[in-house]
Amino acid sequence: MIHSKTLDPNFKFLIAQEPGGENIRRCFSCGTCTAGCPVREVTDRYNPRRIIRMAILGMKKEVLSSQFIWLCSSCYTCFERCPQDVKIPELMNAIKNIAVKEGYLPPSMKIQLELLSSFGRLLEITDFENEKRKEWDLPLLQEKTEDVKKILKGLGFHREEKIEG
Amino acid sequence: MKRRLKDSHLNSQYTLFLGCTVPVRAFNYEISTRKVADRLGILFSDIPEFCCCGYPVKSVNHYAYLLMAARNLALAEEKGLPLCTLCSACCGALTEANHEIQEDQDLHKRINDDLSRWLGKRYEGEVKVTHFIRVLQQEVGEKRITAEIQADLSSLSLAPHYGCHYTKPSTIYRRVEDPENPTSLDRLIEVSGAKSIAYENKLQCCGGGVLAIDEEVALAMAHSKLEHIRAHQADAMVLLCPFCNIMYESNQRKIEKVYGKEYKLPILFYPQILGLAMGIGQEELGIKMNRVRPTELLKKINKKAD
């Protein structure tokens, strides 16, 4: 049951202001996205048509706190097929960006941010990799860069202690 | 870009962008690419300071993603060469960031203000981004590749896996090929002399995009494709993205365990296949690093009779 009192009619406008969310109000719920979605094919926990409908209705808390918004695999199949150019994977990212601002960051994404902050890459380049590169006569890679940390800190969307764990 | 097109020598020179996954988990992709490129006269220049392309933070903060991408593009710009990626997600993320920056002056200015303030860098928006397989298809071309073929791969049936970010979103790639019916990898497989097979749901996503969020879902997606390929008794799957490789090769044993099945399907990067066709030794192509040993496949390759 959806209670109209709990709905936030401004949610769709908030999403439309976020990069990637601009076309949300074009959606007429045809379901082309869901029909061709490879994630939907293996689990019914992800249903893009349903998520967009919930967002347009203003079910802000339900959408932002959900795990399902994180299940888009960004394959862009729906992006190519959507008759209304809703750009669904970008729309999902817009919703996720808002969710993060509201404090909903999945643990695995937090770990990824920590890795990026520490090494500048998702996977650490160690002496092992560079030794191997030497054996193959390949240019060595810089093992660490502080630049990603500087970017994340500069944007201040995460406090240092949160990123560094 | 016009400046570069005039000089044909510079056209075959690229800055190689490895990304996070290739140097740690798909080293065979890198070395086979370098061997094949060398044979075809493609020169790579390296930048050891490259960081992650930015793709993983796109879902967390779009602007942080753009800054990370712009930092890499700024480094590449200093070299004055087009950027060639091996990972399709890197290619998509850098191409898309490039478009956004080039098309929005206010955003471009904001990016440069922050790049210079925090990192002492600046990006003019001049770098061209491409994927190594696209370089083979578009810049090198079938004719020049064919001239280098020295082994007979005609007994091989290979299942091409395009993955997603190599063709989609088609808007950022200026629709270089139909995302619903791509043919470039099929063509390149045929050029190597092997047979490229058609199979059900050929364009399905590997699931890598949700691996960190929900492993069960990701494995289910990869499993479904392994099933479709098995139905056609392919000698191997051929792909062009290191993250797709994680799903189909690194996780193949796990998928076999979860679903109680056995695939033993060799997964090869396209440059490995092309390298074999060019008569380059398997050692030099990093075949030993392939987790599913393509023993039977290698037995089917013959020296070309003159």
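Chains as they are written, first to last, in my numbering: chain P, 1 to 165; chain U, 166 to 471. For each residue, glycine too, the CB sits at the ideal point set by N, CA and C. Here the structure is a predicted model, which means the values were calculated and not measured.
Three-way DSSP call (helix, strand, coil) for residue i in this model
i, result
"Pro9 of chain P", "coil"
"Ala254 of chain U", "helix"
"Phe119 of chain P", "helix"
"Phe297 of chain U", "helix"
"Ile432 of chain U", "strand"
"Met412 of chain U", "helix"
"Asn455 of chain U", "coil"
"Asp211 of chain U", "strand"
"Glu146 of chain P", "coil"
"Leu450 of chain U", "coil"
"Ser4 of chain P", "helix"
"Tyr364 of chain U", "coil"
"Glu160 of chain P", "Note that Glu160 of chain P has pLDDT 45, beneath the 50 cutoff, so the model's placement of it is unreliable and the number below is only indicative. It is helical."
"Ser322 of chain U", "strand"
"Asn93 of chain P", "helix"
"Leu105 of chain P", "coil"
"Ala399 of chain U", "coil"
"Phe28 of chain P", "coil"
"Leu181 of chain U", "strand"
"Leu441 of chain U", "helix"
"Ala16 of chain P", "helix"
"Asp379 of chain U", "coil"
"Ala55 of chain P", "helix"
"Asp351 of chain U", "helix"
"Asn346 of chain U", "coil"
"Ala312 of chain U", "coil"
"Leu404 of chain U", "strand"
"Asp85 of chain P", "coil"
Residue-chain proximity (residue i, chain C), Cβ-Cβ < 9 Å
i, result
"Phe297 of chain U", "Looking for chain C here will not work: the only protein chains present are P and U."
Local Cβ density within 10 Å of residue i, reported as buried at 16 or more and exposed below that
i, result
"Asp137 of chain P", "exposed"
"Ser224 of chain U", "buried"
"Met386 of chain U", "buried"
"Pro83 of chain P", "exposed"
"Ser65 of chain P", "exposed"
"Ala229 of chain U", "buried"
"Asn97 of chain P", "buried"
"Thr460 of chain U", "exposed"
"Thr6 of chain P", "exposed"
"Asp147 of chain P", "buried"
"Asp44 of chain P", "exposed"
"Ile111 of chain P", "exposed"
"Asp172 of chain U", "Confidence in Asp172 of chain U is poor, its pLDDT being 43 and thus under 50, which makes the residue's placement unreliable; the coordinate value appears in the next sentence. Answer is exposed; the Cβ neighbour count stays below 16."
"Asn47 of chain P", "buried"
"Gln67 of chain P", "exposed"
"Leu376 of chain U", "buried"
"Ala130 of chain U", "Since the first residue shown for chain U is 166 and the last is 471, residue 130 of chain U is missing from the structure and cannot be characterised."
"Leu170 of chain U", "Caution applies to Leu170 of chain U, whose pLDDT of 42 falls short of 50 and renders its modelled position unreliable; the model cannot decide the point."
"Ser361 of chain U", "buried"
"Asn346 of chain U", "exposed"
"Arg236 of chain U", "buried"
Residue i vs residue j beta-carbon contact at 9 Å
i, j, result
"Ile276 of chain U", "Leu240 of chain U", "no"
"Leu439 of chain U", "Asp400 of chain U", "no"
"Arg299 of chain U", "Val356 of chain U", "no"
"Cys256 of chain U", "His330 of chain U", "yes"
"Ala35 of chain P", "Ile69 of chain P", "no"
"Ala202 of chain U", "Gly219 of chain U", "no"
"Leu152 of chain P", "Cys216 of chain U", "no"
"Ala396 of chain U", "Glu427 of chain U", "no"
"Leu123 of chain P", "Pro213 of chain U", "no"
"Ile2 of chain P", "Met59 of chain P", "yes"
"Glu41 of chain P", "Met54 of chain P", "no"
"Arg204 of chain U", "Glu380 of chain U", "no"
"Pro89 of chain P", "Pro431 of chain U", "no"
"Pro246 of chain U", "Ser281 of chain U", "A small fix is needed here, since residue 246 of chain U is Leu in this sequence, not Pro. Not in contact: Leu246 of chain U and Ser281 of chain U (Cβ atoms no closer than 9 Å)."
"His273 of chain U", "Gly290 of chain U", "yes"
"His227 of chain U", "Asn93 of chain P", "yes"
"Cys406 of chain U", "Ser177 of chain U", "no"
"Ser118 of chain P", "Lys150 of chain P", "no"
"Leu71 of chain P", "Ile378 of chain U", "yes"
"Leu384 of chain U", "Gly372 of chain U", "yes"
"Ile420 of chain U", "His388 of chain U", "yes"
"Cys370 of chain U", "Thr32 of chain P", "no"
"Leu433 of chain U", "Met402 of chain U", "yes"
"Leu238 of chain U", "His296 of chain U", "no"
Which parts of the region 218 to 290 of chain U are runs of the beta strand (DSSP E), unbroken and 3 residues or longer, counting only runs that do not cross its ends? 248 to 250
Between the region 191 to 205 of chain U and the region 435 to 453 of chain U, are three or more C-beta pairs nearer than 8 Å? yes
Between the region 100 to 113 of chain P and the region 124 to 131 of chain P, do at least 3 Cβ pairs fall closer than 8 Å? no
Is it the case that the region 259 to 267 of chain U contacts the region 409 to 417 of chain U, given that we only count it when at least three CB pairs across the two stretches are under 8 Å? no
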